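Each residue of the first sequence is one higher than the last, beginning at 1 in the numbering used here.
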Amino acid sequence: MSQQNYPESQLYRIRHSAAHIMAQAVLEFYPKAKYTIGPPVENGFYYDFELPEALKEEDLAKIEKRMRQIIAGQHAFQKRVLSAEQARQIFKDQPYKLELIEGLEKGGFDEYGNPLDVKPEISIYQHDTFTDLCRGPHVENSKQINPSAIKLMSIAGAYWRGDENNKMLTRIYGTAWEKPDDLKHYLQMLEEAKKRDHRKLGKELDIFVFDDEVGPGLPLWLPNGGIMIEALEDLAKEMEEDAGYSRVRTPHLTKEDLFLRSGHLPYYAESMYPPMELEGVKYYVKPMNCPMHHKIFGARPRSYRDLPIRLAEYGTCYRYEKSGELFGLMRVRSMQMNDAHIYCSEEQFEQEFMGVIDLYKKYFDLFGIEKFVMRLSLHSKAGLGKKYVDNERLWLKTEDMVRRAMQNGNVPFVEVADEAAFYGPKIDVQIWSAIGREFTLATNQVDFAVPERFDLKFVNSKGEDEIPLCIHRAPLSTHERMIGFLIEHYAGAFPAWLCPEQVRVIPITDGQNEYALQVAAQLKAQGVRVRADLGSERMNAKIRAAQLMKVPYMLVLGANEQEAGQVSLRVRDGSQQNNIPLDEFIARIKDRIARRASEL
RNA sequence: GCCCUCAUAGCUCAGUAGGUAGAGCACACCCUUGGUAAGGGUGAGGUCAUGGGUUCAAAUCCCAUUGAGGGCUCCA
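Laid out in structure tokens, this is it:
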């Protein structure tokens, strides 16, 4: 992200000032509105209001129109520094502003709640009839905003100070650019992004569906999705076998006792489906596989000679995500996780942890994933005991172990507080969906707490019992999120090894139907996923159909090919190679698939 | 869960002064036998998400429920 200088840029000023102008317009329409904060954001700005009545989408047009009038007034933006007392006078009818002033007076945080080293001065910005508590910066004059380069985008709800216990405010999102062309490009880009949205492509490519009677967040994988899942599992199986993992299998249900012991119930109960009770025993559907793997580790006495023990499973889990949190395949309620738990000694930790990072890299190279950020997710003192295991010393120790391992391995990462698992710090791989929403794709976590609760131990070289560390990892995420991501990453044009249908055979006339079936049968015998299109459409229409389904290889067969035992190849990119001997094509496609090649 | 928006045929969508539904694609059948992104014809398909209400009359207006979308909160 080259946004380092964003807060100093003219664009930032334009957006910040546009936010003020929008607030002025809103206050003119709703004089009783209370206004809160309105910062620039990545592609625009927003402002949060408490309004006396619900704002409708159609109201945006009139607000936008009024904004253009205000801009045309060529108003200067003037800053004034003042005392807290003076500020309180000015905003005496604005409770949110008074709360902000109080915070500024106390120091330590700016008006958005970000920590500050020095106590901030209190300043206001004024233009036309509107005055806001604000540290700036702004444009000098509203004429520096191009009225044809702004647009109000949407209305949303947002909790005051981002806390769901607070009142929900009305947020208006807008976008603003230096030139009208920039706005146009931005809007076009949004349209393009929608085309690769996995929810749209997933439907078009017959990969998955949701059904009202099955339930929200519970995807049904269609045959094409099933093939992709198996391709990913084959990949994971190979890679994990090479990396010394053992595969295990565990049930979807367990008694309550297991989650009481693991500590998940108090921390995690909200995200779990409620228990079912039979013969006086409560059972839960599992939201994660860890406790079962711990039980497998603990099922036998372990020696330091056995370590590290790496237990892998594509485990199916169920999490009760709140209804508004569901998002296509990216956030679901049933998921199959590329899970594994590595039990190791402290001395083995760095090598094992970085072994997982290496696995990430291999996968990301294979998929050509370049836009991601590795995030060291740390605990927060404020959440100790509530969200996190209450042991500051072990938090600091394990966080430092991860930090040093990453540094020694020269792997770039960022650190973010208050994002850890309840049992330890982790490296999360952050990616962005087509429409720009951020997700954790893969994760690599340290657990310094739960092994002890499960009484897990191994006998060390001195003959003493020692508690192992546990690494939780999911490089291929869940099938749901991974496939959701891959659909968008490839815009549906998957490499051949992942494609549900790898070859479409297209006879030119029905005189070649027989030959087409023969060719398809030969490919199928070699393990290639192939379909012969014997419909009564013209060849052109069949090619179009195959292109729309993003089939990588089309074999066009006419009388010439049939006579010579050849095929004419049309590749998904539109290129053609005529008169290839069938054997040669089979050898070539088998090679591409076996190598999981990205080229076609 | 909360705020806003939305819900018409398998898909994409028309249907605003309330008068019991329409197109294209896909599908089926017939004709067409064609060289690299749509050949032609015919036909089948919807109790307009569900449940209430207003009205002589509701896809259309009102309420509730369910589901979806944009955000917030929360997370693989």
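Virtual Cβ for every residue (Gly too), placed ideally from N, Cα, C. Just so you know, these numbers come straight off a predicted model, no measurement behind them.
- Straight-line measurement puts the Cα of G103 at about 10 Å from the Cα of K119.
- 9 Å or more divides the Cβ of F327 from the Cβ of R375.
- Closest in alpha carbon position to E64, among H489, T250, A149 and P31, is A149.
- Counting along the chain, Q10 sits inside the alpha helix (DSSP H) bounded by residues Q10 to F29.
- Look at the region 274-308 and you find these whole runs of alpha helix (DSSP H), each 4 residues long or longer: 290-298.
- With respect to C290, H252 sits apart: the two C-beta atoms are not nearer than 9 Å.
- Your pair A33 and L51 checks out as a contact, with CB atoms roughly 5 Å apart and the cut at 8 Å.
- The beta carbon of R331 sits closer than 7 Å to the beta carbons of E321 and E325 from its chain, once the five residues preceding and following it are set aside; these are given in chain order.
- For F349, the uninterrupted alpha helix (DSSP H) segment begins and ends at F349 to F367.
- Under a 10 Å Cβ-count criterion, Q512 is classified as buried, with 16 or more other Cβ atoms of the shown protein chains found around its own Cβ.
- Residues of the same chain with a CB within less than 7 Å of the CB of G484, apart from the 5 flanking positions on each side, are H198, G328, L329 and M330 in chain order.
- Assigned with DSSP and collapsed to three states, G424 falls in strand.
- Following the DSSP letters along the chain, one finds Q577 inside the beta strand (DSSP E) bounded by residues Q576 to P581.
- For R310, the closest of C317, T316, P301 and F297 by C-alpha to C-alpha distance is F297.
- Taking the C-beta atoms as reference points, I122 is found nearer than 9 Å to A87.
- By the Cβ criterion, the region 373-387 is in contact with the region 416-429, since at least three pairs of Cβ atoms, one from each stretch, lie closer than 8 Å.
- Between the beta-carbon of I101 and that of L133 there is about 7 Å, and that keeps the pair under the 8 Å contact cut.
- Residue ranges of uninterrupted beta strand (DSSP E) with 3 or more members, entirely inside the region 447-519 and ordered along the chain, are 469-473 and 503-507.
- Excluding five sequence positions before and after H294, the CB atoms of its chain that fall closer than 8 Å to its own CB belong to S262, H341, V450, P451, F454, L456 and C470, given in chain order.
- Between I586 and V528, the CB-CB gap stays under 9 Å.
- Within 10 angstroms of the beta-carbon of F77 lie 16 or more other beta-carbons, which makes it buried.
- With 16 or more neighbouring CB atoms inside 10 Å of its own CB, T170 falls in the buried class.
- Cβ-Cβ separation between K255 and K286: approximately 11 Å, too far for a contact (criterion under 8 Å).
- The C-alpha of T175 lies about 16 Å from the C-alpha of R66.
- In the three-state reduction of the DSSP assignment, T175 falls in the strand class.
- Counted as a single uninterrupted DSSP element, the beta strand (DSSP E) harbouring Y343 occupies residues S334 to C344.
- Remark: C-beta atoms of N560 and N579 approach each other more closely than 9 Å.
- Taking 9 Å as the cut-off, the beta carbon of N444 is found closer than this to the beta carbon of I427.
- Beyond the five residues adjoining it in sequence on each side, L60 comes within less than 6 Å, by CB distance, of L152 in the same chain, given in chain order.
- Excluding sequence positions up to five before and after M482, its CB lies within less than 6 Å of the CB of L476, all in the same chain and listed in chain order.
- Burial check for L232: the Cβ neighbour count within 10 Å reaches 16 or more, so the residue is buried.
- When only Cα atoms are considered, N5 and E57 end up about 33 Å apart.
- One Cα belongs to I357, the other to L557, and the distance between them is close to 47 Å.
- Taking C-beta atoms as the reference points, F45 and Y30 fail to come closer than 9 Å.
- Following the DSSP letters along the chain, one finds H127 inside the beta strand (DSSP E) bounded by residues I122 to H127.
- Of the candidates L394, E346, F353 and L569, L569 places its Cα closest to the Cα of Y553.
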